[in-house]
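Participant: The following block contains the structure, expressed as structure tokens.
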Amino acid sequence: METINGYTRRWWKEAVVYQIYPRSFHDSNGDGIGDLRGILEKLPHIQGLGVDVIWLSPHFDSPNADNGYDIRDYRKVMAEFGTLQDFDDLLAAVHAAGMRLIIDLVVNHTSDEHAWFVESRKGSDNPYRDYYIWRDGDELPNNWPSIFTGPAWKKDGDGWFLHLFADRQPDLNWDNPAVRGEVYDLMRFWLDKGVDGFRMDVIPFISKDPALPDMSDAALARPQDIYANGPHVHDYLQEMHREVLAHYDVMTVGEAFGVSLAQTPALIDERRGELDMVFQFDAVDIDRAPGGQWKPWRLQDFKAIFTRHDQAFDRHCWPTVFLSNHDNPRIVSRYGDDSPEFREKSAMLFAMLLLTMKGTPFLYQGDELGLTNYPFEHIAQFDDIWVKNAWRALGAKNEAAFVANQNRVSRDHARIPMAWDSGVNGGFSTGKPWFLIHPEARSINAETQKPVYDFFARMIALRHAHPALVYGDYSDLEPGHDHLFVYLRQIEGESLLVMLNRSSEATDGFPPDFTTLMLGNYDGEALQMRPWEARLYRFDKP
Ligand code: TEU
Ligand code: CA
Numbered sequence: 002m003e004t005i006n007g008y009t010r011r012w013w014k015e016a017v018v019y020q021i022y023p024r025s026f027h028d029s030n031g032d033g034i035g036d037l038r039g040i041l042e043k044l045p046h047i048q049g050l051g052v053d054v055i056w057l058s059p060h061f062d063s064p065n066a067d068n069g070y071d072i073r074d075y076r077k078v079m080a081e082f083g084t085l086q087d088f089d090d091l092l093a094a095v096h097a098a099g100m101r102l103i104i105d106l107v108v109n110h111t112s113d114e115h116a117w118f119v120e121s122r123k124g125s126d127n128p129y130r131d132y133y134i135w136r137d138g139d140e141l142p143n144n145w146p147s148i149f150t151g152p153a154w155k156k157d158g159d160g161w162f163l164h165l166f167a168d169r170q171p172d173l174n175w176d177n178p179a180v181r182g183e184v185y186d187l188m189r190f191w192l193d194k195g196v197d198g199f200r201m202d203v204i205p206f207i208s209k210d211p212a213l214p215d216m217s218d219a220a221l222a223r224p225q226d227i228y229a230n231g232p233h234v235h236d237y238l239q240e241m242h243r244e245v246l247a248h249y250d251v252m253t254v255g256e257a258f259g260v261s262l263a264q265t266p267a268l269i270d271e272r273r274g275e276l277d278m279v280f281q282f283d284a285v286d287i288d289r290a291p292g293g294q295w296k297p298w299r300l301q302d303f304k305a306i307f308t309r310h311d312q313a314f315d316r317h318c319w320p321t322v323f324l325s326n327h328d329n330p331r332i333v334s335r336y337g338d339d340s341p342e343f344r345e346k347s348a349m350l351f352a353m354l355l356l357t358m359k360g361t362p363f364l365y366q367g368d369e370l371g372l373t374n375y376p377f378e379h380i381a382q383f384d385d386i387w388v389k390n391a392w393r394a395l396g397a398k399n400e401a402a403f404v405a406n407q408n409r410v411s412r413d414h415a416r417i418p419m420a421w422d423s424g425v426n427g428g429f430s431t432g433k434p435w436f437l438i439h440p441e442a443r444s445i446n447a448e449t450q451k452p453v454y455d456f457f458a459r460m461i462a463l464r465h466a467h468p469a470l471v472y473g474d475y476s477d478l479e480p481g482h483d484h485l486f487v488y489l490r491q492i493e494g495e496s497l498l499v500m501l502n503r504s505s506e507a508t509d510g511f512p513p514d515f516t517t518l519m520l521g522n523y524d525g526e527a528l529q530m531r532p533w534e535a536r537l538y539r540f541d542k543p
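As structure tokens, this is what we get:
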């Protein structure tokens with residue numbers, strides 16, 4: 002196989018991915034809920050960016066206890082989103098536009114309304130009992146917590162079932178070969194339709210220690226580190242690869258929640274036949290203290306994450322780069338500056354970072370418009386089940402402090418509907434939207450944000466045109482600097498330099514001689530790096 006700079010060339014290494022949260026993307030029929038036809042109508046917006054792959058968050062039949070991450074029927078489309086025919090039409094249109102489509106594989110757990118669970122809970126002699134993880138007794142089987150707060154067990158009839166997320170998301174028993182067979186079948190169902198791969202929800206959680214040992218107090222602060230390290234994760238992923246994935250030209254990206262950097266190569270080393278890539282959480286964990294509290298962070302620590310990643314992976318592993326998704330706040334509000342003065346500049350700066358960093362970049366809907374966090378004021382405004390559980394667990398006390406923290410960390414910021422134009426509901430829906438519309442939707446939307454959108458499109462085109470940005474070596478030139486993030490991407494025959502000023506102050510810093518500016522977010526060059534300035538240079542003589 003062809004290699005570049007020691008890496009095997011693969012289409013998904015060269016791709017830029019755009020994530021859609023269908024519920025909040027575009028509503029085509031006025032019922033207030035985004036849908037598949039809505040995505041089809043907005044395909045030119047996505048195609049215009051030049052992205053290669055669309056990742057669709059769950060589109061399956063679901064009672065929406067966790068907005069589709071609780072699946073009732075893996076072979077049906079959520080009624081509000083449309084029909085299987087709409088899916089086929091969307092897939093065909095995505096392919097016709099020269100893009101690929103990956104879907105969300107949520108198989109650590111199902112909905113409690115999935116037919117398997119409906120059967121399973123009927124009693125210990127039901128043939129589906131062992132599709133889930135049940136324990137008998139009067140007491141909780143162990144001290145495991147749900148990621149969404151509270152115990153990870155729920156009493157049902159004469160047993161307890163395990164749910165690492167909401168109690169309406171029972172965990173499948175992957176130790177049962179029948180369960181694994183069902184998962185492989187449903188994967189083939191979608192692959193045979195032509196989907197181009199999967200994003201795999203909390204995939205490292207699929208294997209549980211059958212002894213179900215209690216966690217130590219230290220482990221309880223980060224239960225994901227235990228859940229992600231069951232005894233058979235690698236066996237099951239290798240089996241999935243052998244049985245299913247190896248037979249298709251597809252990409253996979255696992256959500257590696259709870260997986261340390263040191264553990265990551267075991268999941269993605271291309272010689273092992275497991276996953277192509279994973280989402281490693283270090284960069285989005287940078288502002289999180291235990292318990293989901295926001296904490297301040299320093300640029301030095303942020304930069305160190307990218308260097309550590311680069312050093313942890315050899316030529317057989319391929320990283321991802323992401324700062325946003327449906328579980329995270331908006332990039333400009335979190336890492337940038339969402340004030341009117343610097344919102345656009347900082348959105349562009351992060352576009353340059355994401356698209357010049359080593360690893361496949363994943364963008365989230367609205368990043369290309371520099372969308373900002375929602376200014377929540379009351380607990381009643383939130384939709385996320387996690388927020389509601391956490392609030393209840395706190396005894397529903399001290400709302401102001403709780404909401405202030407959620408304004409920093411909530412997943413709901415990303416789930417506010419997209420803003421398309423300055424019309425009613427920001428052009429998202431002609432009906433009553435299922436969720437809040439951003440107060441600035443009339444001013445910050447796809448019509449008014451052309452400069453940000455165009456900057457993303459230019460950066461994506463540059464990434465496609467310059468192998469150094471994909472396969473090139475990475476080195477951080479200013480790891481200790483408070484404000485500047487300056488790095489090289491180098492490959493035989495080409496050296497590129499990225500200079501980012503992550504601050505609202507002008508900062509000394511000028512590129513070396515014999516460089517040519519390829520793109521910046523200000524007009525021309527100045528002797529200083531201006532607030533939130535981003536520049537990409539090429540060395541004239543590499
Ligand atoms: O996320 C796993 C998960 O627990 C994240 O919500 C994580 O805790 C968070 O990003 C930390 O900041 C996946 C899905 O992405 C999420 O939407 C689902 O709610 C969850 O699994 C359950 O399916
Ligand atoms: Ca709709």
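Remember, my numbering sits 1 above the position in the sequence shown when you count from 1. The C-beta atom is built at its ideal place from N, Cα and C for all residues, glycine as well.
Report the option in Phe206, Ala94, Ala466 and Asp215 whose CA atom is closest to the CA atom of Tyr228.
Facilitator: Looking at the Cα atoms, Phe206 is the closest of the given residues.
Participant: Tell me the rounded alpha-carbon separation between Gly31 and Leu37.
Facilitator: 13 Å
Participant: Which residues bound the beta strand (DSSP E) around Arg490?
Facilitator: Leu485 to Ile492
Participant: Should Ser112 go down as buried or exposed, given a rule of 16 or more other Cβ atoms within 10 Å for buried?
Facilitator: buried
Participant: What do you reckon, is the C-beta of Glu256 under 7 Å from a heavy atom of ligand 1?
Facilitator: yes
Participant: Under the three-state reduction of DSSP, which class applies to Ala93: helix, strand or coil?
Facilitator: helix
Participant: Any heavy atom of ligand 2 inside 7 Å of the beta-carbon of Ile287?
Facilitator: no
Participant: Identify whether Gly39 lies in helix, strand or coil by the three-state DSSP scheme.
Facilitator: helix
Participant: For Val18 versus Phe363, is the C-beta spacing smaller than 8 Å?
Facilitator: yes
Participant: Who's in the neighbourhood of ligand 2, going by beta-carbon under 5 Å from any heavy atom, listed in chain order?
Facilitator: Each of Asp28, Asn30, Asp32, Ile34 and Asp36 has a C-beta closer than 5 Å to some heavy atom of ligand 2; these make up the full list, in chain order.
Participant: Quick check on the burial criterion: 16 or more other C-beta atoms within 10 angstroms. Buried or exposed for Arg557?
Facilitator: Since the first residue shown for the chain is 2 and the last is 543, residue 557 is missing from the structure and cannot be characterised.
Participant: If I follow the unbroken beta strand (DSSP E) through Gly521, where does it start and stop?
Facilitator: Thr516 to Gly521
Participant: Shortest alpha-carbon distance to Gly293 belongs to which of Asn390, Thr357, Pro232 and Thr308?
Facilitator: Asn390
Participant: How is the beta strand (DSSP E) around Ile287 delimited, first residue to last?
Facilitator: No beta strand (DSSP E) holds Ile287; DSSP gives it neither H nor E.
Participant: Can we count Asp328 as close to ligand 1, meaning its CB is less than 7 Å from some heavy atom?
Facilitator: Annotation for Asp328 indicates a beta carbon within 7 Å of some heavy atom of ligand 1.
Participant: According to the neighbour-count rule (16 or more other Cβ atoms, all chains shown, within 10 Å of its Cβ), is Glu534 buried or exposed?
Facilitator: Counting the other Cβ atoms within 10 Å of the Cβ of Glu534 gives 16 or more, which makes it buried.
Participant: Alpha carbon to alpha carbon, what distance is there between Met500 and Leu437?
Facilitator: 37 Å
Participant: Around the Cβ of Glu140, are there at least 16 other Cβ atoms within 10 angstroms (buried) or fewer (exposed)?
Facilitator: By the neighbour-count definition (other C-beta atoms within 10 Å, threshold 16), Glu140 is an exposed residue.
Participant: Go through its chain and collect everything with a Cβ distance to Tyr336's Cβ below 7 Å, but skip five positions before and after it.
Facilitator: These residues qualify, in order along the chain: Leu324 and Phe351.
Participant: Is DSSP giving Phe436 helix, strand or coil here?
Facilitator: coil
Participant: Return the CA-CA distance between His27 and Gly428, expressed in angstroms with no decimal places.
Facilitator: 8 Å
Participant: Check whether the segment 170 to 183 touches the segment 131 to 146, counting contact only when three or more Cβ pairs, one atom from each stretch, lie closer than 8 Å.
Facilitator: Yes, they touch.
Participant: My guess is that Phe457 and Leu50 are in contact by the Cβ rule of under 8 Å, so how many angstroms apart are they, rounded?
Facilitator: 6 Å
Participant: Would you mind working out which of Tyr249, Thr308, Val285 and Gly371 sits nearest Ser340, comparing C-alpha positions?
Facilitator: Gly371
Participant: Could you check whether the segment 211 to 220 touches the segment 265 to 281, counting it as contact only if at least three pairs of C-beta atoms, one from each stretch, sit closer than 8 Å?
Facilitator: no
Participant: Out of curiosity, what's the CA-to-CA distance linking Pro480 and Arg503?
Facilitator: 13 Å
Participant: Going by Cα to Cα distance, which pick from Pro418, Ala93, Gly124 and Gly255 is closest to Ile21?
Facilitator: Pro418
Participant: Could you give the DSSP three-state label for Val279: helix, strand or coil?
Facilitator: strand
Participant: With a threshold of 7 Å, establish whether the CB of Ile204 neighbours any heavy atom of ligand 1.
Facilitator: no
Participant: Rounding to the nearest angstrom, what Cα-Cα distance links Asp148 and Pro64 in this structure?
Facilitator: Residue 148 is actually Ile in this sequence, not Asp. Cα-Cα distance, rounded: 20 Å.
Participant: Mark Gln301 as exposed unless 16 or more other C-beta atoms lie within 10 angstroms of its C-beta, in which case mark it buried.
Facilitator: exposed
Participant: Expressed to the nearest angstrom, what Euclidean distance is found between the alpha-carbon atoms of Met349 and Pro543?
Facilitator: Rounded to whole angstroms, Met349 and Pro543 show a C-alpha spacing of 26 Å.
Participant: Using a Cβ-Cβ cut-off of 6 Å (strictly less than) and excluding sequence neighbours within five positions of Ala313, which residues of its own chain qualify?
Facilitator: Leu262
Participant: What runs of the alpha helix (DSSP H), each 4 residues or longer, lie entirely inside the segment 368 to 421?
Facilitator: 386 to 394, 400 to 410 and 413 to 416
Participant: Taking three-plus beta-carbon pairs below 8 Å as touching, is the segment 397 to 408 in contact with the segment 477 to 492?
Facilitator: no
Participant: Residue range of the beta strand (DSSP E) that Lys77 falls in?
Facilitator: Asp74 to Val78
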